[in-house]
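K.L.:
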Amino acid sequence: MVIKHTKHFLDKLENLFASSEYMLRYEKGNFKSGYCVLNDAKIVIVNKYFPLEGKINALIDILIELNMDPADFKDKANHDFLTELRQTQLKF
1 MVIKHTKHFL DKLENLFASS EYMLRYEKGN FKSGYCVLND AKIVIVNKYF PLEGKINALI
61 DILIELNMDP ADFKDKANHD FLTELRQTQL KF
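The numbering of the sequence shown is the UniProt record's numbering, which starts it at 1 and goes up by one.
Structure (structure tokens):
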């Protein structure tokens, strides 16, 4: 899978979080990495002033860090998207 830095690709990533147990929020803040994961509250916060490319890269980093299981997603499209994304990231 080629990672495309488009609004459509960002929407697909956001849809993954919407289907998961984590809540995705865009907030302003002083995050060194551009994002913050509150595991106990299951909240992911991304710097809202990030450009599109930064938001996509941050969400991919978070997905890898959280190690979400594709089997947890009922929607086949999300399952397939996460599986393909994880396989792509394992190559790097």
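Every residue gets a Cβ at the ideal spot worked out from N, C-alpha and C, and that includes glycine.
Every value quoted in this text rests on a predicted model; they were computed, and no experiment measured them.
Identify the residues that DSSP records as bridge partners of residue 10: which are they?
P.N.:
Paired residue(s): none; residue 10 is not in a bridge.
K.L.:
Go ahead and pull the three-state DSSP assignment for residue 29.
P.N.:
Residue state, collapsed to three classes: coil.
K.L.:
When DSSP labels each residue in this structure, what does residue 3 get in the three-state scheme?
P.N.:
In this structure, residue 3 counts as coil in the three-state DSSP scheme.
K.L.:
For a test of the three-state rule: what should DSSP assign to residue 47, helix, strand or coil?
P.N.:
It is a strand residue.
K.L.:
Thinking C-alpha only, which one of 8, 27, 88 and 23 is nearest residue 64?
P.N.:
The shortest Cα separation from residue 64 among 8, 27, 88 and 23 belongs to 88.
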